[in-house]
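Read top to bottom, the protein sequences are chains A and B. For the first sequence, the residue numbers in my numbering are 953 to 1159. For the second sequence, the residue numbers in my numbering are 1132 to 1289. Just so you know, even glycine gets a beta-carbon here, dropped at the ideal spot from N, CA and C. For clarity, every value in this text was computed on a predicted model and none was experimentally measured.
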Amino acid sequence: MHDRRINGETFVFGNAGGLYLRAMTWWDHKTQSIWSQPIGQAINGEMEGARLELLPFQLTTWKNWRTVHPQTFVMINNQQNVGSNRQNFDGDFVIGVEISGEAFAYYYEDVEAAGLIEVEIGELPVLIWAEKENYQVYLRKVQEQTLTFTNQGGVYIDDQTGSKWDIVHGIAVDGPLTGETLKPLPSLTSYDWAWKDFYPQSDIYNP
Amino acid sequence: MSIKKVTAEACTYYASVGTNRNMRYRLLSLSFLGLLLLPACSGSSAQGDRGSSNPSQEPPLLADRLPTPTPFPRIIVPEIVQLSARDLPDYFASIPPDGIRPVYDPRFANAQDAPLQPDELVMGVTENGEAKAYPVTVLRFREIVNDEIGGRPILVTW
């Protein structure tokens, strides 16, 4: 999920039809440069080196999404073509996070088993949470204070202030930080082999 | 081909875009021709109501009566595409550009009208209070969606 503007100009992207390091490539309509999907960057042509901003998004089940965002719109192109061939979570999925050139990846299943992972990426405190085919990546810093969390019987409480957090929405619902929110960070959901192609130096987390 | 036939075909097209959630925008974007055809289509539609039923006509989505997402400008795809990455290391050209057709005209329904199963995956994004979900099954089929949300142009890819 990217912002498709470069220096304020909106670009339109098509499918270049080729593979770069086994992953999808795009072409932009304006310059017909080639872009690599996993890095969101032009690898050839006039735009070479330009990079799209990666945006936070969620990969989750329709049920989860609809519950949190009842006002959502749903894209309905090609619904007739997909029939019963529905996509569910795959054991090879990793959650990838790259900040300031530092990249980490975690198997979705491992994050779910751990419940919560706290880590520093690119010198920023990061929280990765997964449960029941839902995950979030947050900056765990509020009011210049870095937070650590404890799961107390399904309720997430920060160790610094004792506030209770709704971790799905990233909002404090009780205690001194009530109403404060955790900033979602961009992540990349990928198959593990694709992640290894693009971030060969980045280990995939193994608890 | 008679003018009446052309008008009828245009009306069919018009009826099909009429079910589109971006109908209001398309109405605006259809310029001279659209304005000429509009009265003809209205007439034809009224005639259809009085005449025999038309089973192929889809009922309007409930979503058409609810708020619409951000209007999205129509995209015209260049006819000639010349990509020059063949000599790039680690690059393998496999199919022609847009051989897997990207989505240049995203269409939307509201949550209650979405033909999705509860446990199927979506990519969800929010911006300025707006929320949009893209079913992964469709993303696997189309791979690229050019869209906008809350005023931000976005590229959804799988």
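Taking the continuous beta strand (DSSP E) assigned at Val-1063 of chain A, which residues delimit it? Where Val-1063 of chain A is concerned, there is no enclosing beta strand (DSSP E), although the alpha helix (DSSP H) it sits in stretches over 1060-1066.
Using 10 angstroms around the beta-carbon of Arg-1092 of chain A, count the other beta-carbons present and answer buried if the total reaches 16, otherwise exposed. Classification for Arg-1092 of chain A: buried.
So is Pro-1008 of chain A in contact with chain B if we call contact Cβ pairs under 9 Å? Chain B contact via Cβ: present.
Under 9 Å, Cβ to Cβ, is there at least one residue of chain B near Ile-1028 of chain A? yes
Could you name the residues of the same chain whose beta carbon sits closer than 6 Å to that of Leu-1167 of chain B, not counting the 5 residues immediately before and after it, in chain order? Below a pLDDT of 50, predicted positions are generally treated as unreliable, and Leu-1167 of chain B, at 34, falls in that range; the measurement from the model is reported next regardless. So the list is empty, once near-sequence residues are dropped.
Under 9 Å between C-beta atoms, does Glu-1274 of chain B make it to chain A? yes
May I ask you to report which of helix, strand or coil DSSP gives Ala-1242 of chain B? helix
Using beta carbons (cut-off 9 Å, strictly below), is Ile-1080 of chain A in contact with chain B? no
Per DSSP, what are the beta-bridge partners of Phe-1056 of chain A in this structure? A:Val-1049
Is Trp-1145 of chain A buried or exposed, if buried means 16 or more other CB atoms sit within 10 Å of its CB? Of the residues assessed, Trp-1145 of chain A falls on the exposed side of the cut-off, its CB having fewer than 16 other CB atoms within 10 angstroms.
Kindly provide the ranges of any alpha helix (DSSP H) runs that are 4 or more residues long and lie completely inside the segment 1066-1111 of chain A, ordered along the chain. none
Output, in chain order, the set of chain B residues within a Cβ distance shorter than 8 Å of Asp-955 of chain A. Neighbours of Asp-955 of chain A on chain B, chain order: Arg-1283, Pro-1284, Ile-1285 and Leu-1286.
Can you name the residues that DSSP bridges to Ser-1142 of chain A? A:Val-1046
Short of 6 Å in beta carbon distance, which residues of its chain neighbour Ile-1119 of chain A, apart from the five on each side in sequence? Order them along the chain. Trp-1081 and Tyr-1108
How long is the line joining the alpha carbons of Met-999 of chain A and Phe-1101 of chain A, rounded to whole angstroms? 43 Å
Which residues in the same chain as Tyr-1143 of chain A place their Cβ atom closer than 6 Å to its Cβ, once the five residues preceding and following it in sequence are excluded? Result list for Tyr-1143 of chain A: Asp-1044, in chain order.
Using 8 Å as the Cβ pair cut-off and three pairs as the minimum, do the segment 1022-1029 of chain A and the segment 1000-1007 of chain A touch? no
On the CB-based measure, 16 or more other CB atoms within 10 Å of its CB, does Arg-1018 of chain A come out buried or exposed? buried
If we ignore side chains and look at the alpha-carbon of each, how far apart do Pro-1228 of chain B and Pro-1220 of chain B end up? 19 Å
How about Ile-1226 of chain B and Gly-970 of chain A: are their beta carbons less than 9 Å apart? Yes, the pair counts as a contact, with Cβ atoms nearer than the cut-off.
Helix, strand or coil at Asn-1016 of chain A according to DSSP, with G and I counted as helix: It is helical.
To the nearest whole angstrom, what separates the beta carbons of Val-1078 of chain A and Val-1049 of chain A, a pair I think is in contact under 8 Å? Contact holds; Cβ gap of about 6 Å.
Length of the line joining the Cα atoms of Lys-1084 of chain A and Glu-1064 of chain A: Whole-angstrom Cα-Cα distance: 8 Å.
Rounded Cβ spacing between Trp-978 of chain A and Ile-1275 of chain B (contact assumed at less than 8 Å): 7 Å
For the candidate residues B:Arg-1283, B:Pro-1209, B:Val-1287 and B:Leu-1252, whose alpha-carbon lies nearest to that of Gly-1260 of chain B? B:Arg-1283
When A:Gly-1131, A:Val-1125 and A:Leu-1140 are compared against Ile-1047 of chain A, the one with the closest alpha-carbon: A:Leu-1140
CB of Pro-1266 of chain B within 9 Å of CB of Val-1256 of chain B, strictly: The beta carbons of Pro-1266 of chain B and Val-1256 of chain B sit no closer together than 9 Å.
For Phe-965 of chain A, list the residues DSSP reports as bridge partners. Bridge partners of Phe-965 of chain A according to DSSP: A:Asp-980.
By the criterion of Cβ-Cβ separation under 7 Å, what are the contact partners of Phe-1223 of chain B in chain A? Going along chain A in sequence order, the residues near Phe-1223 of chain B (Cβ under 7 Å) are Gly-970 and Leu-971.
Taking just the CA atoms, how far does Glu-961 of chain A sit from Ile-986 of chain A? 17 Å
Distance, His-981 of chain A Cα to Pro-1209 of chain B Cα: 7 Å
Gln-1113 of chain B, DSSP secondary structure in three states: An answer regarding residue 1113 of chain B cannot be provided, because it is not within the stretch 1132 to 1289 covered by chain B.
Using a Cβ cut-off of 9 Å (strictly closer), state whether Val-1269 of chain B contacts chain A. yes
Any C-beta of chain A sitting closer than 9 Å to the C-beta of Ala-1210 of chain B? For the sequence presented, residue 1210 of chain B should be read as Glu rather than Ala. False, the Cβ-Cβ gap to chain A never drops below 9 Å.
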